[in-house]
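See below for the structure under consideration.
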Amino acid sequence: MIYRHGHPIPRVKYTEEEVETWGKIFRKLRELHMRYACKEFLEHWDELAVYCDYREDNIPQLEDINRYLKSKTGFQVRPVAGYLTPRDFLAGLAFRVFHCTQYIRHSSDPFYTPEPDCCHELLGHMPMFADASFAQFSQEIGLASLGASEQEISKLVSCYFFTVEFGICREGKDWKAYGAGLLSSAAELERTILGIQDGSVELLPLDGERVFSAELVVTDYQNQYFFTETIEEAKDFVRNIANSIQKTSELRYNPYTQTVDILNSSDKIIDLAKDLRGDLCLVASALKKVQEKDTEIDTELIANYLSRGLDITPYQSRPSSPTSSVSPTKFGESLTIPTKKM
Ligand SMILES: [Fe+2]
Numbered sequence: 006m007i008y009r010h011g012h013p014i015p016r017v018k019y020t021e022e023e024v025e026t027w028g029k030i031f032r033k034l035r036e037l038h039m040r041y042a043c044k045e046f047l048e049h050w051d052e053l054a055v056y057c058d059y060r061e062d063n064i065p066q067l068e069d070i071n072r073y074l075k076s077k078t079g080f081q082v083r084p085v086a087g088y089l090t091p092r093d094f095l096a097g098l099a100f101r102v103f104h105c106t107q108y109i110r111h112s113s114d115p116f117y118t119p120e121p122d123c124c125h126e127l128l129g130h131m132p133m134f135a136d137a138s139f140a141q142f143s144q145e146i147g148l149a150s151l152g153a154s155e156q157e158i159s160k161l162v163s164c165y166f167f168t169v170e171f172g173i174c175r176e177g178k179d180w181k182a183y184g185a186g187l188l189s190s191a192a193e194l195e196r197t198i199l200g201i202q203d204g205s206v207e208l209l210p211l212d213g214e215r216v217f218s219a220e221l222v223v224t225d226y227q228n229q230y231f232f233t234e235t236i237e238e239a240k241d242f243v244r245n246i247a248n249s250i251q252k253t254s255e256l257r258y259n260p261y262t263q264t265v266d267i268l269n270s271s272d273k274i275i276d277l278a279k280d281l282r283g284d285l286c287l288v289a290s291a292l293k294k295v296q297e298k299d300t301e302i303d304t305e306l307i308a309n310y311l312s313r314g315l316d317i318t319p320y321q322s323r324p325s326s327p328t329s330s331v332s333p334t335k336f337g338e339s340l341t342i343p344t345k346k347m
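Count the sequence shown with my numbering and you get residues 6 to 347, in order.
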């Protein structure tokens, strides 16, 4: 493989047989995606077709996908020849870099592969990396891995595996897949969703510690899968795990410099708070304008997202401080979001 960082990703000339294998997988998966893929996945598929030439008779090129994702969510893809260590792979996600294979599985078994190949990466992962919220979620797993112990890396790998690779969520009464391992394997996707419906496949809620003892099967179908009602809930679960990792300082990815800032001083936290306040004010202002035209907008949901995880108790107001007259404050309390009356 010839690739140097900063240079365009070399285009691969696939053989006729390889394009034929891609076409078989593409057609079968498209049919199953319409039934079993989550809405975020389906939403981004059409753009991939337009900007990256996703067609049944063409294997898209990483360089085109790289350009598209960069403009869409800031994610970049980088070619690799095979598996990386979990720590290296997760560290890439911290910088919004996804390491991708370019080869394709053997034509003898088009609907299942134990190893990631371009069908897995392009047909399974890419639509989700084009979703801004999911891209951020993936990056958060990566950021949590920086400086983590081996034991903590292993926990993050389980989180990644049972969400980004094999995650299931609910849309109304239907079970939908958002994990790329499922969305790129016609055989496993169909067997899993139908198996969940008839009870022959074990589906567990993604909560508590059991996900960390679940076996990560890489050469066969999974023994069980984990679900949340929404992808947002899966994010919350992973964020709680990430927050439990003992680190002396928090890290934040700076999208302007594409570097990681260490939040280890009050000045840095104040600067970040100023940035966030600007964004929060923008949300409130945009919401007011949209509300003038759309009274049905779910402001409660938006307020909920904003308030979750923002509890900050000023140091002086700790109960042990007898002189304190400062009451606990919610960060961004000046932000007023009118919620819907019930
Ligand atoms: Fe994958």
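Every residue gets a Cβ at the ideal spot worked out from N, C-alpha and C, and that includes glycine.
All values reported here derive from a predicted model rather than from experimental measurement.
8 Å Cβ cutoff, residue i in contact with chain C
{"i": "Ile109", "result": "The question asks about chain C, but that chain is absent: this structure has only one protein chain."}
Cβ-heavy atom distance, residue i to ligand 1, below 7 Å
{"i": "Ala185", "result": "yes"}
{"i": "Pro121", "result": "yes"}
{"i": "Glu193", "result": "no"}
{"i": "Gln104", "result": "The question names Gln, but residue 104 in the sequence shown is His. No, ligand 1 has no heavy atom inside 7 Å of this Cβ."}
{"i": "His130", "result": "yes"}
{"i": "Glu21", "result": "no"}
{"i": "Glu170", "result": "yes"}
Residue i in three-state terms, based on DSSP
{"i": "Arg323", "result": "Caution applies to Arg323, whose pLDDT of 48 falls short of 50 and renders its modelled position unreliable; the value that the coordinates give is listed next. DSSP places Arg323 in coil when its eight states are reduced to three."}
{"i": "Thr334", "result": "Any reading at Thr334 needs caution, since the residue's pLDDT is 39, under 50, leaving its predicted position unreliable; the model's value is listed next. Residue state, collapsed to three classes: strand."}
{"i": "Gln251", "result": "coil"}
{"i": "His104", "result": "strand"}
{"i": "Arg355", "result": "For residue 355 there is no data in the structure shown, the boundaries of the chain being 6 and 347."}
{"i": "Val82", "result": "strand"}
{"i": "Thr168", "result": "helix"}
{"i": "Gln66", "result": "coil"}
{"i": "Pro387", "result": "Since the first residue of the chain shown is 6 and the last is 347, residue 387 is not available in this structure."}
{"i": "Val265", "result": "strand"}
{"i": "Glu1", "result": "Since the first residue shown for the chain is 6 and the last is 347, residue 1 is missing from the structure and cannot be characterised."}
{"i": "Tyr258", "result": "strand"}
{"i": "Leu287", "result": "helix"}
{"i": "Arg282", "result": "helix"}
Proximity of residue i and residue j at Cβ, strictly below 8 Å
{"i": "Ile30", "j": "Pro115", "result": "yes"}
{"i": "Cys124", "j": "Ser189", "result": "yes"}
{"i": "Ile246", "j": "Lys160", "result": "yes"}
{"i": "Leu211", "j": "Phe166", "result": "no"}
{"i": "His215", "j": "Leu208", "result": "Strictly speaking, residue 215 in this sequence is Arg, with His absent from that position. Not closer than 8 Å, so no."}
{"i": "Arg83", "j": "Glu61", "result": "no"}
{"i": "Phe94", "j": "Phe134", "result": "no"}
{"i": "Cys174", "j": "Phe231", "result": "no"}
Buried versus exposed, by CB contacts within 10 Å (16 or more), residue i
{"i": "Ile236", "result": "buried"}
{"i": "Tyr393", "result": "The question about residue 393 has no answer here: the residues shown for the chain are numbered 6 through 347."}
{"i": "Gly184", "result": "buried"}
{"i": "Ser150", "result": "buried"}
{"i": "Asn259", "result": "exposed"}
{"i": "Leu306", "result": "exposed"}
{"i": "Cys286", "result": "exposed"}
{"i": "Ser249", "result": "exposed"}
{"i": "Glu220", "result": "exposed"}
{"i": "Gln66", "result": "buried"}
{"i": "Ala137", "result": "exposed"}
{"i": "Gly97", "result": "buried"}
{"i": "Met131", "result": "buried"}
Closest Cα partner of residue i within the set the options
{"i": "Ile146", "options": "Cys164, Gln263, Leu268 and Thr118", "result": "Cys164"}
{"i": "Val223", "options": "Gln66, Thr118 and Val17", "result": "Thr118"}
{"i": "Lys240", "options": "Ala308, Asp276, Lys293 and Gln141", "result": "Gln141"}
{"i": "Leu34", "options": "Leu187, Pro13 and Leu53", "result": "Leu187"}
{"i": "Ala192", "options": "Leu37, Glu176 and Glu301", "result": "Leu37"}
{"i": "Gly172", "options": "Gln81, Gln227, Leu256 and Lys298", "result": "Gln227"}
{"i": "Glu22", "options": "Arg175, Asn63 and Leu292", "result": "Asn63"}
{"i": "Gln144", "options": "Gly152, Lys178, Gly79 and Gly129", "result": "Gly79"}
{"i": "Gln156", "options": "Asp122, Phe217 and Arg101", "result": "Phe217"}
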